[in-house]
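For the sequence shown, the residue numbers in the numbering used here are 8 to 253.
By construction, the Cβ of each residue, glycine as well, lies at the ideal position given by its N, Cα and C atoms.
Here is the structure we will look at, set down as structure tokens.
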Amino acid sequence: MASPAQYKKEHAQNLLAVCQVQPLLQQLTMELALTRPTRLLPALMERLEHMEIPVAPPLRSVVTVIGAPLPSQEVRSARGTVLRLTPVELIDQAARGGRSEKGYADLFIPPELEESVRASLSAGTPVPVDVLARLFQNRIEQEEESHAVPAGDKLIVLLEGYPRTIAQALELEAVLGRVNVAILAHASPEEMEVILEERETVWEGYDAPTTALEEYWKARRMLDVVDGSSGQDQMLKQIEALLDSY
């Protein structure tokens, strides 16, 4: 017997299918009424072969995790498909013109973003906040357009270690629409030093203070806290439990 959650998911998928098919049937009926083919069934089959069902993008939930870095294990959620993104990976891939080094699919990087990233790296300056926000947007939209997320599932975008300032958060929300939830993996400076060494994390900025941003998320009642100093397995369980609760 299906659980209530499974029943709701199947019901939502059925409704989505009906919403997608109805406009096509209306279009097909109108075309056949106008053309009045002598052989209705062959004309119908031929037209159906050339029609594409428009697929709506999945629902999107943007979650940012600051504080201690996440474990390297895969993050899962019963609520949808998790897409983990880090600013360093996006910058590296943009500098390579969208080519991937880890066996993932190559990405299309708009030329102006690629040029801006390369110019910043050559000059040894930080990538502009607006450019980084657009890199996130570009990656997320390509994930949505690839139809990699099963129908009826939510796309949970997990931003690791970003944003770290209020200015970055404002720019990110201006581009993506909104950040739904912020998670602070809390750890003391001493604990953070040990964590970074154990997990071999070299991402620039993980030691930068995020107090102002934490207060910003807290004021908006968006901040959840997990124990960033716990073991990797325990921290992963805390993160996944939060993702399942949203």
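| Query | Result |
| --- | --- |
| Between the CA atoms of E122 and A155 - distance to the nearest angstrom | 28 angstroms |
| Residue interval of the beta strand (DSSP E) (run including I163) | K161 to E167 |
| E222, buried or exposed, once every other Cβ within 10 Å from all chains shown has been counted against 16 | exposed |
| 7 angstroms Cβ shell around Q241 - same chain, five flanking residues per side excluded | none |
| Contact set for E150: own chain, Cβ-Cβ below 6 angstroms, skip 5 residues either direction | L90 |
| Neighbourhood of P65 by C-beta, 7 angstroms cutoff - its chain only, sequence neighbours within 5 removed | E151, V156, D160, K161 and L162 |
| C-alpha gap between I246 and L41, whole angstroms | 56 angstroms |
| Nearest-angstrom beta carbon gap, L139 and P76 [assumed within contact, 8 angstroms] | Wrong, their Cβ atoms sit about 18 angstroms apart, outside the cutoff. |
| C-beta contact flag for V69 and V186 at 8 angstroms | yes |
| The alpha helix (DSSP H) enclosing V134, as first and last residue numbers | Unbroken run through V134: none, as it is neither H nor E. |
| Cut-off 6 angstroms between Cβ atoms - residues of its own chain near C85, not counting five sequence neighbours on either side | Checking the displayed sequence, the identity of residue 85 turns out to be Ala instead of Cys. Contacts found: D251. |
| Burial state of Q100 (16 or more Cβ within 10 Å) | buried |
| As assigned by DSSP and simplified to three states, the class of D113 | coil |
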